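K.L.:
Provided herewith is a single structure, encoded as C-alpha cells, for subsequent inquiry.
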Amino acid sequence: MTEVVVIGCGIVGAAIAYELSPLPDLTLTVIDQRPPAHGATGAALGILMGVISQKAKGRNWRLREASLRRYATLIPELEAATGLTIPHNRQGVLSLLTEAADLPRWESLQAIRQRQGWPLEIWSPEQVQSACPHLAVDTLAAGIYSPCDRQIAPKALTHALVAGAQQHGVRFHFGNPVVGFECQGDRAVAVKTSVARHPADWVVVAAGLGSAGLSQQLQQPLALGPVLGQGLRVRLPEPLGDRTFQPVVNGNDIHLVPLGAGDYGVAATVEFPAEGSHHPLPKAEALRTLWEGAIAYCPALAKAEILETWYGLRPRPQGQAAPVIQPLAGYANVTLATGHYRNGVFLAPATAQQVKAMVTVELQ
Ligand SMILES: Cc1cc2nc3c(=O)[nH]c(=O)nc-3n(C[C@H](O)[C@H](O)[C@H](O)COP(=O)(O)OP(=O)(O)OC[C@H]3O[C@@H](n4cnc5c(N)ncnc54)[C@H](O)[C@@H]3O)c2cc1C
C-alpha cells in the first residue's frame, strides 16, 4: 500500500483526496489544522469563469476547460454518492461591457470559443435589458453572456468531496497543524502534526497560504502572498428582475451572485498588502466602493438589507503564474498543489486530475 498524505482541506485538498480515493493500492490521509473549507475556500462565492475568461490557449485555458468539463459530471456524481445537496447555478455568467472599444476583443474571443465548441453570446443593451430588467443599461455598450459558465457553493462542495472521499476510505484529521516533516535523502517519509506522526510515501501540499511555511520547513520556500477579498451578503424582499433567469452578473469585476430567494452575494475586492506586510486588513473604503459599484449597475440593490460582510485571503504565487501544481524542487515525492489565487474553486477539479496523473505515473 502506498501512503499518500494531503496537507490542507480547502477545496483543492478535498478535490485531490476525492479524485485519488478510488485508486487501488493507495491509502490516503488528509490533515488540516481547521475544519474543512475554513481558509480561502470559505470566503469564495464559487464563480467558475471559463468560457468568458480572456484566456483562450495555453496552460491556463487547458486547466479551465478541464475543470468546466469535470464540474459537469462531478456535481451530479457527488450528490448521488453522498446524498448531499451542492447548491449551484447553471444559468451562466453575464458580463457588462461599458467600453465599446473593447467589443472587437470580445468578438474575436467569441470566434475562438466557437471553434473550441463553447457558446459565447454578445448581447445588445436592449437584449440585456429584456433578459435582466434589474440592470442599468444606459452606459452599456454590450453584454457578454456565457451560458456554460456557472457558480457553485464552495463550502457545500468541499463537504461533499470530503464525504465522497470518506466513502472510499480516506481518513481525515482536523484540528492540528502540520508542524514538520521527517526526511530521508530526497524523500519526505513522515508528516508530523502537533499530536501525531503520519508515515508517507507521497506528500501533497495543498495548504493554500500555509503552503509557504510548509515548503520553508522542507528548505524549498515557495513565495506566496495574501491578496485580501471582501464581500457582502444582502437580502431583498424578492428576486431581482426575472426570477426564472438569475445568472451571475459581472460589472467592472464586481460580481452579483444569486444565492436563492432574494439573497445575493456581492464580491469581491482585490486588496494587496502594504509593502512587506503579510497580514493585510480589510479596508472599509474598498468595501464601500464595491457596494457602490454594484448599486451603479443594479440600482435596486440600494434597498437591500446587508446581512453580513466577510473577507478572506487568496493565496497568490509571487514570481510565477497561478496555480502552482508541480513537484517540490529537491524532493522525489512531494507535490505542490497550491497558489490558486482568484480561481481555486474553479480550478480545483483540474488540479486534482493533474495531481492524480502525477501520482499514477509515479506508482506505475
Ligand atoms: C473573497 C473571495 C472570493 C473568491 N471568489 C472565488 C470565486 O468566485 N471562484 C474561485 O474559483 N475562487 C475564488 N476565490 C479564490 C479561492 O477561494 C481560492 O483560490 C481557493 O479557496 C484556494 O483553495 P485552497 O484549498 O488552495 O486553500 P484554502 O481554502 O485556504 O485551504 C487551505 C487549507 O490548508 C490548511 N492549512 C494551512 N496550513 C496548514 C498546516 N500547517 N497544517 C495543516 N493545515 C494547514 C488551512 O487550514 C486551510 O483549510 C475567492 C477568494 C476570496 C478571498
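The numbering used here puts the first residue of the sequence shown at -1, with every later residue one more than the last. All C-beta atoms, glycine included, are put in the ideal place defined by N, C-alpha and C. All figures in this text were calculated on a predicted structure; none of them were measured in a lab.
Hey, quick one: how far does the alpha helix (DSSP H) through Y295 stretch, first residue to last?
P.N.:
As a first step, residue 295 must be located in the sequence shown, where it is residue number 297. Segment 282 to 295, the alpha helix (DSSP H) holding Y295.
K.L.:
Can we say the stretch 306 to 319 touches the stretch 155 to 174, given the rule of at least three CB pairs closer than 8 Å?
P.N.:
Contact between the stretch 306 to 319 and the stretch 155 to 174 is absent, because fewer than three Cβ pairs lie under 8 Å.
K.L.:
For W308, which of helix, strand or coil comes out of DSSP?
P.N.:
The residue you call residue 308 lines up with position 310 of the sequence shown. Note: W308 maps to strand in three-state DSSP.
K.L.:
Short check: CB of L18 to CB of T0, under 8 Å?
P.N.:
The count along the sequence shown starts at 1 and reaches residue 18 at position 20. The count along the sequence shown starts at 1 and reaches residue 0 at position 2. No. Outside cutoff.
K.L.:
Does the distance from the CB of T96 to the CB of T137 come in under 8 Å?
P.N.:
Locating residue 96 in the sequence shown gives position 98, counting from the first residue. Locating residue 137 in the sequence shown gives position 139, counting from the first residue. In this structure, T137 lies closer than 8 Å to T96 by Cβ.
K.L.:
Kindly identify the DSSP beta-bridge partner or partners of V247.
P.N.:
On the sequence shown, position 249 is the one that residue 247 refers to. According to DSSP, V247 bridges with L92, L254.
K.L.:
With hydrogens ignored, establish whether the beta-carbon of Q316 is closer than 7 Å to any heavy atom of ligand 1.
P.N.:
Position 318 of the sequence shown, counted from the start, is the residue given in the question as residue 316. Flag unset: Cβ of Q316 not near ligand 1.
K.L.:
For the beta strand (DSSP E) that Q149 lies in, which residues bound it at each end?
P.N.:
Here the question's residue 149 lines up with position 151 in the sequence shown. Looking at the DSSP string, the run of the beta strand (DSSP E) that includes Q149 is 148 to 150.
K.L.:
Quick check: is any heavy atom of ligand 1 less than 7 Å from the C-beta of H36?
P.N.:
Against the sequence shown, residue 36 aligns to sequence position 38. Yes, since a heavy atom of ligand 1 falls inside the 7 Å radius drawn around the Cβ of H36.
K.L.:
When DSSP labels each residue in this structure, what does N331 get in the three-state scheme?
P.N.:
In the sequence shown, the residue the question calls residue 331 occupies position 333. N331: coil per DSSP, three-state reduction.
K.L.:
I need the DSSP call for R57, collapsed to helix, strand or coil.
P.N.:
Indexing the sequence shown from 1 puts residue 57 at position 59. The answer is helix: DSSP assigns R57 an H, G or I state.
K.L.:
Beta strand (DSSP E) containing K190: first to last residue?
P.N.:
As a first step, residue 190 must be located in the sequence shown, where it is residue number 192. From DSSP, the beta strand (DSSP E) with K190 extends over 185 to 191.
K.L.:
List, from N- to C-terminal side, the beta strand (DSSP E) runs of 3 residues or more that fit wholly inside the stretch 202 to 228.
P.N.:
Qualifying beta strand (DSSP E) stretches: none in this window.
K.L.:
With a threshold of 7 Å, establish whether the CB of G11 neighbours any heavy atom of ligand 1.
P.N.:
For the purposes of this step, residue 11 is taken as residue 13 along the sequence shown, with counting starting at 1. Checking every heavy atom of ligand 1 against the Cβ of G11, one is found closer than 7 Å.
K.L.:
State the Cα-Cα distance for the pair L254 and V193, rounded to the nearest angstrom.
P.N.:
As a first step, residue 254 must be located in the sequence shown, where it is residue number 256. As a first step, residue 193 must be located in the sequence shown, where it is residue number 195. One C-alpha to the other measures close to 43 Å.
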